[in-house]
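These notes concern the structure reproduced below.
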Amino acid sequence: VKDNKPGIFRLKKVYARQPTTEIKVDRGRYTKDEEDREIEKEELTDGFRYGTTFVPINKETLDDMKYHSEKCFSIIGFSDANMMRRSLYLGDTVYEVVAEPAYEEEGQVFAGIVQAMYDTNTVAIVRKCFSERSSPELGFLRPHIAHNHMCMYYVKLPFAEDLRGFDFDNLDVIKRNQPSDEQLKTIDKLITTMDLTHADRGEEAFQPEIVFNPYIQRMFQCIARRAVTPEEPLSLSNTIEEMNNTLIQSIVSKSKRTLDTVHEDFVLRETERRQKITTGDQLFGNDDHLTKKLRLEENENIEEPTTDSTSFEAQSAAKKKAAISTIGTITPVEDFKTLIEQGSPSFTDVCKQMSTIILELINNSRGDALFEKALQCIQSLREICIQKLEPKLFNDFQIVIKRQAANIDGRKDFWTKIVDEKISLITSDECIESNVIPIEAKKFLEEETANEMLNNALGTNEEDGDDEDLFDLI
Numbered sequence: 001v002k003d004n005k006p007g008i009f010r011l012k013k014v015y016a017r018q019p020t021t022e023i024k025v026d027r028g029r030y031t032k033d034e035e036d037r038e039i040e041k042e043e044l045t046d047g048f049r050y051g052t053t054f055v056p057i058n059k060e061t062l063d064d065m066k067y068h069s070e071k072c073f074s075i076i077g078f079s080d081a082n083m084m085r086r087s088l089y090l091g092d093t094v095y096e097v098v099a100e101p102a103y104e105e106e107g108q109v110f111a112g113i114v115q116a117m118y119d120t121n122t123v124a125i126v127r128k129c130f131s132e133r134s135s136p137e138l139g140f141l142r143p144h145i146a147h148n149h150m151c152m153y154y155v156k157l158p159f160a161e162d163l164r165g166f167d168f169d170n171l172d173v174i175k176r177n178q179p180s181d182e183q184l185k186t187i188d189k190l191i192t193t194m195d196l197t198h199a200d201r202g203e204e205a206f207q208p209e210i211v212f213n214p215y216i217q218r219m220f221q222c223i224a225r226r227a228v229t230p231e232e233p234l235s236l237s238n239t240i241e242e243m244n245n246t247l248i249q250s251i252v253s254k255s256k257r258t259l260d261t262v263h264e265d266f267v268l269r270e271t272e273r274r275q276k277i278t279t280g281d282q283l284f285g286n287d288d289h290l291t292k293k294l295r296l297e298e299n300e301n302i303e304e305p306t307t308d309s310t311s312f313e314a315q316s317a318a319k320k321k322a323a324i325s326t327i328g329t330i331t332p333v334e335d336f337k338t339l340i341e342q343g344s345p346s347f348t349d350v351c352k353q354m355s356t357i358i359l360e361l362i363n364n365s366r367g368d369a370l371f372e373k374a375l376q377c378i379q380s381l382r383e384i385c386i387q388k389l390e391p392k393l394f395n396d397f398q399i400v401i402k403r404q405a406a407n408i409d410g411r412k413d414f415w416t417k418i419v420d421e422k423i424s425l426i427t428s429d430e431c432i433e434s435n436v437i438p439i440e441a442k443k444f445l446e447e448e449t450a451n452e453m454l455n456n457a458l459g460t461n462e463e464d465g466d467d468e469d470l471f472d473l474i
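So in UniProt numbering, spot 257 of the sequence shown is number 257, and the numbers just go up one at a time.
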């Protein structure tokens, strides 16, 4: 079984004046700049995008990157047929595997395997690789025995990367979703009246071999008519579609009364979509008297109270952001980013608050309990200073940290963590406003580096003073 996708009806461009004349498509690649220069095919190479950088790959490297495998169709094991759940079926094609008629001995072995698998309700797990250039597939073979025909059906199975897991709430939890006894009887009667098992003169009505695709048949009909009689209008009738509709209409007529009962027992009500919270009054619940009255009237029409967890979380987050004016020690990184987004207080004041919090975490830490949080704060401060083109604020603060780590007992281990994480000064390669070259940033992390070298690297010789004076410069 293979899905017959109607790709054959993909229209092509032809020369309108002389449709028999062949035409070709000429494509070119040009540089995206002022020159708009055409690039020759010999100058092109494959590549992929890594962030904002394009990494070129030559043909030899591309061949080495590809997975190579031999052509095979091998059984790697057997499993219980009940383990092959329908949800694991992959692809849109089912292949029928049969024995080669010319080889009698191999046919006997194949028949024995099919019979044994059929008797034990077993399937074979196979590895399939169509060619050396194809990606390997995982699938299973299910035995099939009907009359004098023996075969196995091959169905593709997913790998771990193909699986997608989704969790849905149980409908039984909400009482109003529970059907009544009358509703259950109505649906049971609907299934009985629409049963196709004996709908066509006592036989099965659904026969795929005589049910044709109306889309494909319509396209064939139109193309044939246009080729034979180009000037005549297309007919709106479709014999194949009429044959399919005959059976459908007979089923509908038998179940019409039951369908009317379904409409009476299951009343559908139109529900309005929830609007997004846009104003402060809606966000924080400061509604006027009229709005509250309308909301109470809407709640009276609802059978059970419901809670929109998404709206509740959005309101909580918005209220929390509005209440933040200073950086705290519980969630300093989140508070720091929130204040940066708000734009108040100034960027320098927010960085000074963050610097104070970092020093408090370092000095008040019992052992290294708060070192991880302090490192996260330093990394966040460094990233924001690069984004805002303010490298000097961070570089000056790094001097304070290193000097205090050298002067305060028990805090040199924190500087060791900074060295291990390679959190150095912001260099000119990272930010154009920085006057620190990479070699100076590397020397900065060395423990034996003198304070005079630090000042020379940052160009702060004119700003002499103790640590408190340097901290005030931030």
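Idealized CB from N, CA, C, for every residue including glycine.
Give the secondary structure of residue i by DSSP, where H, G and I count as helix, E and B as strand, and everything else as coil.
| i | result |
| --- | --- |
| residue 335 | helix |
| residue 156 | strand |
| residue 299 | Residue placement at residue 299 cannot be trusted, given a pLDDT of 49 that sits under 50; what the coordinates show is reported in the next sentence. In this structure, residue 299 counts as helix in the three-state DSSP scheme. |
| residue 85 | coil |
| residue 319 | Because residue 319 sits at a pLDDT of 49, beneath the cut-off of 50, its placement in the model cannot be relied upon, and the following sentence gives the value as read from the coordinates. Here residue 319 sits in helix by DSSP. |
| residue 204 | coil |
| residue 17 | coil |
| residue 269 | coil |
| residue 382 | helix |
Report back the beta-carbon spacing between residue i and residue j to the nearest angstrom; my notes put them in contact at under 8 Å.
| i | j | result |
| --- | --- | --- |
| residue 333 | residue 376 | 6 Å |
| residue 138 | residue 110 | That belief does not hold up - the Cβ atoms of residue 138 and residue 110 are roughly 21 Å apart, past 8 Å. |
| residue 39 | residue 29 | 5 Å |
| residue 106 | residue 99 | 6 Å |
When the Cα atoms are used, what is the spatial distance from residue i to residue j?
| i | j | result |
| --- | --- | --- |
| residue 384 | residue 400 | 19 Å |
| residue 58 | residue 66 | 13 Å |
| residue 389 | residue 50 | 24 Å |
| residue 128 | residue 72 | 6 Å |
| residue 368 | residue 428 | 32 Å |
| residue 326 | residue 370 | 20 Å |
| residue 76 | residue 89 | 18 Å |
| residue 205 | residue 235 | 29 Å |
| residue 475 | residue 216 | Because residue 475 is not part of the residues shown, which for the chain are 1 to 474, the question remains open. |
| residue 115 | residue 155 | 19 Å |
| residue 182 | residue 252 | 22 Å |
| residue 162 | residue 91 | 11 Å |
| residue 157 | residue 85 | 10 Å |
| residue 431 | residue 386 | 6 Å |
| residue 53 | residue 47 | 10 Å |
| residue 20 | residue 32 | 37 Å |
| residue 417 | residue 425 | 15 Å |
| residue 24 | residue 14 | 10 Å |
| residue 198 | residue 249 | 16 Å |
| residue 357 | residue 62 | 50 Å |
| residue 130 | residue 165 | 29 Å |
Confirm, please, whether the CB-CB distance from residue j to residue i is below 7 Å.
| i | j | result |
| --- | --- | --- |
| residue 87 | residue 125 | no |
| residue 117 | residue 101 | no |
| residue 374 | residue 361 | yes |
| residue 186 | residue 260 | no |
| residue 152 | residue 97 | yes |
| residue 380 | residue 336 | yes |
| residue 262 | residue 190 | yes |
| residue 81 | residue 55 | no |
| residue 423 | residue 378 | yes |
| residue 338 | residue 255 | no |
| Start-end ranges of the alpha helix (DSSP H) lying completely within the stretch 397-437, minimum 4 residues | Under the rule that a run must span 4 or more residues, the alpha helix (DSSP H) segments found entirely inside the stretch 397-437 read 412-421.
| request: Only counting runs of 4 or more residues, tell me where the alpha helix (DSSP H) segments fall wholly within the UniProt domain "Ku" (36-174), in order along the chain. | output: Segments of the alpha helix (DSSP H) lying fully in the UniProt domain "Ku" (36-174): 59-65, 104-119.
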